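*Asks:* Residue numbers (full-length UniProt numbering): 1 to 59. Quick reminder that beta carbons are idealized off the backbone N, C-alpha and C, glycines included. Everything numeric in this text was worked out from a predicted model, so none of it was measured.
Structure, rendered in structure tokens:
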């Protein structure tokens, strides 16, 4: 059975950032400035807010 790989972080990095991270950072996907990228950022922000609300209310 193949182990499923999970996304553990999403970040906006410059080329200089990637260079500083070095070979330990194995994958990066360039993102063009497109309308759908803004939608992705909004979805991440909303998920983060929901997560925070759930932890504040003791869920």
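Have a look at 11, 6, 17 and 55 and flag the residue whose alpha-carbon is nearest the alpha-carbon of residue 40.
*Replies:* Ranking 11, 6, 17 and 55 by Cα distance to residue 40 puts 11 first.
*Asks:* Helix, strand or coil for residue 21 per DSSP?
*Replies:* Three-state result, residue 21: helix.
*Asks:* So is the beta-carbon of residue 4 under 7 Å away from any non-hydrogen atom of the ligand FMN?
*Replies:* As for the ligand FMN, it is missing from this structure, which has no ligand bound.
*Asks:* State the start and end residues of the unbroken alpha helix (DSSP H) segment that holds residue 54.
*Replies:* 35-56 is the span of the alpha helix (DSSP H), which, as asked, contains residue 54.
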